[in-house]
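Chains as they are written, first to last, in this note's numbering: chain A, -17 to 323; chain B, 4 to 373. Heads up, the beta-carbon is just placed ideally off N, CA and C, and yes, glycines get one too. Computed from a predicted structure; not experimentally measured. These notes are about the structure you will find just below.
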């Protein structure tokens, strides 16, 4: 497994992994077995039956509560009575999650830095134990922090920062912080990892408008990195490598780590749409060993090529209408008011 | 006012509508050929269903039903009609209400459908002007009554732009249901044919389209209905895409039905179909000729199942029993303004109290003389 967390992972290795893992995941989960059907033959990652993300509301998916060392829940929902999604990890799965998250973060957001000073608008794992995003940023800060790092959901400490930092936040909290601190000026080498959206929790800003706020604070657009992740997965998609990001936020393409893949599929056929067309985002994550390795999201994306030949990515469009609103930004809507401080 | 029976306007209106019912009429043929939202065959049979009561006697009945209440009414001189959606009948109804009152009518066409309002204005002749979004601000300021059709937020936004006391008719999101009160009826192919008509008309895009069928019976009764429906729906022409957002939601809900172990029916390419659910409360579907067939233990359970859409039910198609006055009243409290035999959901007569309102009276003002 650890060989998958490597730039050199081959398509063939990924296919073999997918086939073997599918068999064990189907055997472990009656729900997934029923969904996949008894006669499904998986020959590679593309043929893995992708479970709809909403299926994670079923508590029977993944390790049992006894086996689990971590349980992450999706953010609140607007659908009355609907359970939040639940993703349980056993010790081995959590270790892989951590290893993959750190590996990919180092090569995208840090990109050349071995240490950094972090300011996280996202609460730490102790404050928000059921948030996978909080767990991830806590790992990152523990592994790569300088010792002068803070978890500061209000962003108040930013006024006192004079050196380069890595700022971690959801689009929602970042917008709040920069709008309420219009005079904020940050070091020109500051990097931003921006995740999630607004989820209807405040006046939405376009990503371009949000980037204008960053620019006013002295942050270079090439140092803004978008992250796309889900509670239901173990890997993250990033839309740039720090220092190399394009200046047009709408043109940024989310790309997977070497052990993951993304497709954009037509709802009617579940086959790939043509390059440049819009469809549902379908994700494959080889590290998602404890539950299912392929999920059909409720998100819409446009199929785009990535910098790596033959590897597809996507630009994010929004949520399929009628789908339940939920996401990391929603969970943290109280954070900017100090709820998790 | 009630003495001024608008014979000429009724005649003009009926003649204009008739052009969309008459095979071979150039306006109807153009609509069938050029509408991008549905196959011409679907549009043709849907228009035939929806407009069957909109002849001179039918329209005269609308006037007659409201004439007493219209006594002494100050009718509007200019009505702004803001259209949403893509369904000709709802556009006809809105325009007809204003036109019958003798008002000058300015229609803002829906962004997705500039075609039908233009064709209907051509058929109607003088007294109706179709505009795009750009000219609307001034029209709302000048109008003395407003009709708005669209999603709830859109209708609220229009209403927010006019004075609180302005006569305003708003038609927002609504949904229809079918209620089958007898297991034997559920297994009938005749009933399936009637329900298929209700589902397929206008490709299930309207507020009179059913998204759920409540069946008093067992899952096997529901399965029989599903199989009969599927046999009919599967032969319909391909439908137009509803766009990635709604098609995506439909795919997701279909896959989640599979996860939940519900019995799916219909084509996996989302052409048409649905799933069977035993008990529980209304969920509906995103559309696209898809329905939930939900089994319930009795009529009381059916009413309970509809609670999530209380206030938003447009109409109820019934089969296998004769609804009592008490049941009709309970359905009306859920929002239903029509309770009709299955197969008749898509045929609202001109006298329909659209969303529970008397449309002509709602557009007028009244002034006491003391």
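Check: Indicate whether at least one CB of chain C lies closer than 7 Å to the CB of residue 248 of chain B.; Outcome: Considering every chain present, this structure includes no chain C. Its protein chains are A and B.
Check: Per DSSP, residue 243 of chain A forms a beta bridge with which residues?; Outcome: A/266
Check: Give me the residue from B/224, B/200, B/163, B/221 with the minimum Cα distance to residue 213 of chain B.; Outcome: B/200
Check: Which of helix, strand or coil does DSSP assign to residue 25 of chain B?; Outcome: coil
Check: For residue 219 of chain A, does the three-state DSSP call read helix, strand or coil?; Outcome: strand
Check: Given this structure, state the Cα-to-Cα distance separating residue 249 of chain B from residue -7 of chain A, to the nearest angstrom.; Outcome: 33 Å
Check: Any C-beta of chain B within less than 7 Å: which residues of the stretch 9 to 20 of chain A qualify?; Outcome: 13, 16, 17
Check: For the 8 Å Cβ check, are there 3 or more pairs between the stretch 195 to 206 of chain A and the stretch 239 to 249 of chain A?; Outcome: no
Check: Any heavy atom of the ligand MN closer than 6 Å to the Cβ of residue 14 of chain B?; Outcome: Within the structure as shown, the ligand MN is missing, as the structure has no ligands at all.
Check: What does DSSP give as the partner residues of residue 278 of chain B in its beta bridges?; Outcome: B/267, B/295
Check: Determine, for residue 257 of chain B, whether the minimum Cβ-Cβ distance to residues of chain A falls below 7 Å.; Outcome: no
Check: Hey, could you find the ends of the alpha helix (DSSP H) residue 152 of chain A is sitting in?; Outcome: Premise fails: residue 152 of chain A lies in the beta strand (DSSP E), 148 to 152, not in any alpha helix (DSSP H).
Check: Is there a C-beta anywhere in chain A that falls below 7 Å from the one on residue 252 of chain B?; Outcome: yes
Check: Mind reading off the beta-carbon distance from residue 285 of chain A to residue 258 of chain A? Whole number of angstroms is fine, and I expect it under 8 Å.; Outcome: 7 Å
Check: Determine, for residue 262 of chain B, whether the minimum Cβ-Cβ distance to residues of chain A falls below 7 Å.; Outcome: yes
Check: Which residue wins for smallest C-alpha separation from residue 155 of chain B, given the options B/21, B/87, B/307?; Outcome: B/87
Check: Using DSSP's beta-bridge definition, name the partner residues of residue 175 of chain A.; Outcome: A/150, A/207
Check: Look up residue 150 of chain B in the DSSP assignment and say whether it is helix, strand or coil.; Outcome: strand
Check: Please state whether the Cβ-Cβ distance between residue 211 of chain B and residue 349 of chain B is less than 7 Å.; Outcome: yes
Check: Between the C-alpha atoms of residue 317 of chain B and residue 33 of chain B, what's the straight-line distance to the nearest angstrom?; Outcome: 30 Å
Check: With distances taken from CA atoms, which of A/222, A/218, A/274, A/68 is nearest residue 27 of chain A?; Outcome: A/274
Check: With a cut-off of 7 Å, does the C-beta of residue 250 of chain A fall near any C-beta of chain B?; Outcome: yes
Check: Any beta carbon of chain A sitting closer than 7 Å to that of residue 273 of chain B?; Outcome: yes
Check: Going by alpha carbons, who is nearest to residue 173 of chain B out of B/97, B/127, B/237?; Outcome: B/97
Check: Give me the residue from B/73, B/299, B/122 with the minimum Cα distance to residue 23 of chain B.; Outcome: B/122
Check: When you compare the CB positions of residue 46 of chain B and residue 30 of chain B, do they come within less than 7 Å of one another, or not?; Outcome: no
Check: Is residue 40 of chain B helix, strand or coil by DSSP?; Outcome: coil
Check: Go to residue 360 of chain B, then tell me how far its beta strand (DSSP E) extends in each direction, as first and last residue.; Outcome: No beta strand (DSSP E) holds residue 360 of chain B; DSSP gives it neither H nor E.
Check: Thinking just about the alpha-carbon of each residue, which of B/65, B/247, B/164, B/268 is nearest to the one in residue 361 of chain B?; Outcome: B/65
Check: Assuming contact is defined by CB atoms lying nearer than 7 Å, are residue 296 of chain B and residue 188 of chain B in contact in what I supplied?; Outcome: no
Check: List the residues of chain B that residue 34 of chain A touches, going by C-beta distances under 7 Å, in chain order.; Outcome: 255, 258, 259, 262
Check: With 7 Å as the threshold, decide whether the Cβ of residue 280 of chain A is near any Cβ in chain B.; Outcome: yes
Check: Let me know if residue 44 of chain B comes out buried or exposed under the rule of 16 or more other beta-carbons within 10 Å of its beta-carbon.; Outcome: exposed
Check: What does the alpha-carbon distance come out to for the pair residue 167 of chain B and residue 214 of chain A?; Outcome: 48 Å
Check: Does any residue of chain B bring its CB to less than 7 Å from the CB of residue 387 of chain A?; Outcome: Summary: the structure shown does not reach residue 387 of chain A, with chain A confined to residues -17 through 323, and so no result is reported for it.
Check: Smallest Cα separation from residue 129 of chain A: which of A/18, A/1, A/41, A/100?; Outcome: A/100
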